[in-house]
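Taking the UniProt record's numbering, the leading residue of the sequence shown gets 1, the next gets one more, and so forth. Here a beta-carbon is modelled for each residue, glycine too, at the ideal position from N, C-alpha and C. Small disclaimer: the values here were computed from a predicted structure and weren't measured.
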Amino acid sequence: MSLRTISVVALCVLLAACSKVNQDNYSKLKAGMPKAEVESLLGSPTECSGAVGLTSCTWGDQKSFISVQFAADKVMMFSGEGLK
């Protein structure tokens, strides 16, 4: 293997290990938490959608994710799957 290939593989492993989508951060979520605080904890969401003061945002991918529903930028409900 070339040094470049080894570097790329090492970087991918490091980035995967640093994911903010994990059980520890999920346990820090609370109803009523401001959206800005959730983004500070989890980073920028992978996807958001909504209308008329209601928003649903997801962090992660199909295997491991945290989904949060906001009303007026405050956490109403949240769920997670595949968290480690």
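How should Val38 be labelled, buried or exposed, when 16 other C-beta atoms within 10 angstroms of its C-beta is the threshold for buried?
As a first step, residue 38 is located in the sequence shown; it is residue number 38 there, counting from the start. Under this definition Val38 is a buried residue.
Nearest-angstrom Cα distance between Trp59 and Lys84?
The sequence position of residue 59 within the sequence shown is 59, counting from 1. The sequence position of residue 84 within the sequence shown is 84, counting from 1. Rounded to whole angstroms, Trp59 to Lys84 spans 14 Å at the Cα level.
Pull up the distance between the alpha-carbon of Phe65 and that of Pro45, whole angstroms please.
Here residue 65 refers to the residue found at position 65 when the sequence shown is read from its first residue. Here residue 45 refers to the residue found at position 45 when the sequence shown is read from its first residue. C-alpha separation (whole angstroms): 10 Å.
CA-to-CA distance, Gly50 to Lys74, given in whole angstroms:
As a working mapping, residue 74 is identified with position 74 in the sequence shown. As a working mapping, residue 50 is identified with position 50 in the sequence shown. The straight-line gap from Cα to Cα measures roughly 13 Å.
Which residue from Met76, Gln62, Asp61 and Leu41 puts its Cα closest to that of Gly53?
To locate residue 53, count along the sequence shown from 1; it is residue 53. Closest by alpha carbon: Met76.
To which residues does DSSP link Ala71 through a beta bridge?
Reading the sequence shown from its first residue, position 71 is the one you call residue 71. Ala71 is bridged to Leu54 and Lys74.
Tell me which same chain residues have a C-beta within less than 6 Å of the C-beta of Phe78, skipping the five on either side of it?
By one-based count along the sequence shown, residue 78 stands at place 78. Cβ neighbours of Phe78 beyond the five flanking positions: Leu29 and Val68.
Inter-residue Cα distance where the pair is Glu47 and Asp61
Locating residue 47 in the sequence shown gives position 47, counting from the first residue. Locating residue 61 in the sequence shown gives position 61, counting from the first residue. Distance between the alpha carbons of Glu47 and Asp61: 10 Å.
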